[in-house]
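K.L.:
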Amino acid sequence: MKTTFSSIFLTLFLFTTTISPLTAIIHDSSGNKLLHGIPYYILPLLRGSGGGLTLSQTTKNACPLNITQEPFEVNRGTPFTFNPIVLDEQFIRGAYPLSIEADVINPCSGSKIWKVESTTSSKNNGDTFVTSVTVRDSNSKKKDDDDDDDKGVDIVTTGGEFNKPESCFQIVEDVMMPGLQSYQIQNCPFKCGSSDDGFTCYNVGVVTDVDGNGYLGRTDAMFPVVFESSYGTYV
Ligand SMILES: *[C@@H]1O[C@H](CO)[C@@H](O)[C@H](O)[C@H]1NC(C)=O
């Protein structure tokens, strides 16, 4: 009897702990609940893997701005806010569709909302970027591997619109290092009305070009991050 009870209990416990990250409230690096509309730095979990996410304009007067990573760990980058799409809740929960917005002055006229932009759709700039980012010696491979071309590179820029598939993000808890809480940002077009990709969410992480510049974009890799309140840390 006791055994049965405890195994049921254990099953329930396992079930709840596996399920809970999906709706659990996200926490910042100080252990406080992540708040709607409050600016946070987005920092890589792993030490020695660069600084925080920021906005950059590599080409003079080019718009919209790209989301990139500060090369040096000491730089926290730009603060960003998280805004739930469906429910106007005070706290940010895992797997809820969000818009992510930069909390700085933007020299471009559009919004500061993140959006995923395919570099293949803009042929002029796109081709150089795809060549430099996907495979370093892609020129030689391109002819016999057309699949790479079709994939292109999807980078994250500003200029998005609230509740649009390309601006639809979520945060999920990841299990990168046991005991260390970190999160993975994903782009989930279907959660903001797109039916193009089924129920696919894409990991968002840093992809590096030949010059070592880190661009935020869709990637197969994990990019575990933590959120640090830009009002200061209270540890
Ligand atoms: C963003 O990155 C792409 C690819 O490198 C580049 O063509 C574009 O000019 C960049 N945008 C800005 C604002 O720097």
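Taken in order, the sequence shown gives residues -24 to -1, 1 to 211; the numbers are from mature numbering (1 follows the signal peptide of the UniProt record, and there is no 0).
Where is the CB? At the ideal position from N, CA and C, for every residue including glycine.
Keep in mind it's a predicted model, so treat the numbers as computed, not measured.
(1) Any contact between the stretch 51 to 66 and the stretch 185 to 195? By contact I mean 3 or more CB pairs, one from each, below 8 Å.
(2) Answer yes or no: the CB of residue 131 versus the heavy atoms of ligand 1, is any distance below 8 Å?
(3) Which residues does DSSP pair with residue 75 in a beta bridge?
(4) Span of the beta strand (DSSP E) holding residue 194?
(5) Hey, which unbroken runs of the beta strand (DSSP E) at 3 residues or more fall wholly within the stretch 144 to 177?
(6) Classify residue 49 as helix, strand or coil using the three-state DSSP reduction.
(7) Would you call residue 154 buried or exposed, if buried means 16 or more other Cβ atoms sit within 10 Å of its Cβ?
(8) Tell me residue 185's beta-bridge partners as DSSP assigns them.
(9) Can you give the Cα-Cα distance for residue 78 and residue 23, rounded to whole angstroms?
(10) For residue -2, which residues in the same chain have their Cβ closer than 8 Å to its Cβ, ignoring the five residues on either side in sequence?
(11) Quick check: the Cα distance between residue 140 and residue 8, rounded to an integer number of angstroms?
(12) Taking the continuous beta strand (DSSP E) assigned at residue 202, which residues delimit it?
(13) Apply the 10 Å Cβ neighbour rule to residue 28 and answer buried if 16 or more other Cβ atoms are within range, or exposed otherwise.
(14) Quick one: Cα of residue 94 to Cα of residue 179, how far?
(15) Can you tell me where the beta strand (DSSP E) with residue 129 in it begins and where it stops?
(16) For residue 75, does the count of other Cβ atoms within 10 angstroms reach 16, so buried, or fall short, so exposed?
(17) On the CB-based measure, 16 or more other CB atoms within 10 Å of its CB, does residue 48 come out buried or exposed?
(18) Under the DSSP definition of a beta bridge, which residues are partnered with residue 93?
(19) Can you check which of these residues, 151, 171, 5, 87, is closest to residue 138 by C-alpha distance?
(20) With a threshold of 8 Å, establish whether the CB of residue 78 neighbours any heavy atom of ligand 1.
(21) Please tell me whether residue 204 and residue 41 are closer than 9 Å, where the distance is taken between their beta carbons.
(22) Going by alpha carbons, who is nearest to residue 84 out of 164, 169, 33?
(23) Kindly indicate the opening and closing residues of the beta strand (DSSP E) around residue 32.
P.N.:
Let's see:
(1) no
(2) yes
(3) 59
(4) 190 to 194
(5) 145 to 153, 156 to 163
(6) coil
(7) exposed
(8) Answer is none; residue 185 lacks a bridge partner.
(9) 23 Å
(10) 69, 70, 71, 72
(11) 29 Å
(12) 201 to 205
(13) buried
(14) 15 Å
(15) Neither: residue 129 is in no beta strand (DSSP E) and is coded neither H nor E.
(16) buried
(17) exposed
(18) 131
(19) 87
(20) no
(21) no
(22) 33
(23) 29 to 32
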